[in-house]
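Note sheet for the following structure.
Residue numbers (my numbering), protein chains in the order written: chain U, 1 to 113; chain F, 1001 to 1112.
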């Protein structure tokens, strides 16, 4: 079974630029999650999708972050404009359904200069 | 507020020694509890999970965890640590229908 795929693995941009991350969940997984992991901290949920609908985006900074999951499969997370404090690893995870164990991708490490 | 606490930021053990990583949770009801491991540059891998039933849970790579309601704890244990176990370990909790909340992690170092 293929795992959760994320790209790119690394990204370096300057503040105020925009950036996008892509995630392909495990086939058949209805629920998809985006997490932000700042150095030295545990992952924090940014947004949760159930199929192509948003379940929880309460911790997503909506003035600069956006995410979509068209067709209920792949997802993209965008930051525009980026701030220095956005430097983090962005993890995508998927699960068969809500409240089932989550499987994580390797993440995208974002550095803001 | 729902929270998960890992009191130890770093732990160092000798190879072959036993290991216990601490995790405490604060939830109104009994949450679902998980332990994940993260190697450098990698995502999180699920070690084990507790949903209900038997309070001693067996996981992959020889790990186990025990749910203790009276102590609000879900500590991770391994009887004999291998050098390849060096990584960061995260405890996480979730109430049904709510989001997964992670602790800050414990970095495990293994000395030979």
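All C-beta atoms, glycine included, are put in the ideal place defined by N, C-alpha and C. Source: prediction; values computed, not measured.
Here's the rule: buried if 16 or more other CB atoms are within 10 angstroms of the residue's CB, otherwise exposed. What is residue 1041 (chain F)?
exposed
### Query
When you check each C-beta in the stretch 36-64 of chain U against every C-beta of chain F, which residues fall closer than 8 Å?
40, 41, 42, 43, 44, 45, 48 and 56
- Item | residue 1002 (chain F) at chain U interface by Cβ criterion, 8 Å | no
(Q) Contact criterion: CB-CB distance below 8 Å. Does residue 1090 (chain F) meet it with respect to chain U? (A) yes
Would you say the stretch 102-113 of chain U touches the stretch 53-66 of chain U, given that touching needs at least three Cβ pairs under 8 Å? no
Exercise. Three-state secondary structure (DSSP) at residue 1060 (chain F)?
Worked result: helix
Using DSSP bridges, identify the partner residues of residue 1050 (chain F).
F:1033
Q.
I'd like to know if the stretch 25-36 of chain U and the stretch 1089-1097 of chain F are in contact, where contact means that at least 3 CB-CB pairs between them fall below 8 Å.
A. no
- Message: Run through chain F and tell me which residues come within less than 8 Å of residue 99 (chain U), C-beta to C-beta.
- Response: 1032, 1094, 1096 and 1097
Counting only beta-carbon atoms, is residue 1102 (chain F) nearer than 8 Å to chain U?
yes
*asked:* Does chain U have any CB closer than 8 Å to the CB of residue 1016 (chain F)?
replied: no
For the stretch 1051-1066 of chain F, which residues have a CB atom closer than 8 Å to at least one CB atom of chain U, in sequence order?
none
- If you drop the 5 nearest sequence neighbours on each side, which residues of the same chain put their C-beta closer than 6 Å to that of residue 1020 (chain F)? 1075 and 1077
*asked:* Counting only C-beta atoms, is residue 1049 (chain F) closer than 8 Å to chain U at any point?
replied: yes
Among F:1099, F:1063 and F:1081, nearest to residue 1047 (chain F) - alpha-carbon criterion: F:1063
**Study point:** residue 103 (chain U) burial status per 10 Å Cβ neighbour count (16 or more: buried)
**Key:** buried
Q) Taking the continuous beta strand (DSSP E) assigned at residue 13 (chain U), which residues delimit it? A) 10-13
Checking contacts by CB at 8 Å: is residue 1028 (chain F) closer than that to chain U?
-> no
The stretch 73-92 of chain U: which residues have C-beta closer than 7 Å to a C-beta of chain F, in chain order?
91
The beta strand (DSSP E) enclosing residue 1017 (chain F), as first and last residue numbers:
Per DSSP, residue 1017 (chain F) belongs to no beta strand (DSSP E) and is neither H nor E.
Determine whether the beta carbon atoms of residue 23 (chain U) and residue 6 (chain U) lie at a separation below 8 Å.
yes
Worksheet entry | Contact belief for residue 1002 (chain F) with residue 1095 (chain F) at Cβ below 8 Å, rounded distance in angstroms | 6 Å
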